[in-house]
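Notes to accompany the following structure.
Given below as structure tokens:
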């Protein structure tokens, strides 16, 4: 197994971890990590549909995380 494959597995585990989170903030943080890891993996492995998907998801997750932290806390 190459280190590029290892990067792909790390990205996959980040997605798995995001599904295990109980709060939206931590879910978004793991989703962002998976977006970065999968984008890097896709570039290195020349899997451009993976790069395309995660480059679109990255700003979406960033925006959602930003908006969540901007919201006032519920009483």
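Numbering (the numbering used here), first residue to last: 21 to 95.
Note that the Cβ used here is the ideal one computed from N, Cα and C, for glycine as well.
None of the values given here were measured: they were computed from a predicted structure.
- Between residue 82 and residue 61, the beta carbon gap of about 19 Å keeps them out of contact (Cβ cut-off 8 Å).
- Residue 66 sits in coil when the DSSP states are folded into three classes, being neither helix nor strand.
- The C-alpha of residue 41 is placed about 29 Å away from the C-alpha of residue 65.
- Leaving aside the five residues that flank residue 50 on each side, the residues in its chain whose CB is nearer than 8 Å to its CB run, in chain order, 34, 35, 37, 38, 41.
- A buried status is given to residue 52, since no fewer than 16 other beta-carbon atoms sit within 10 Å of its beta-carbon.
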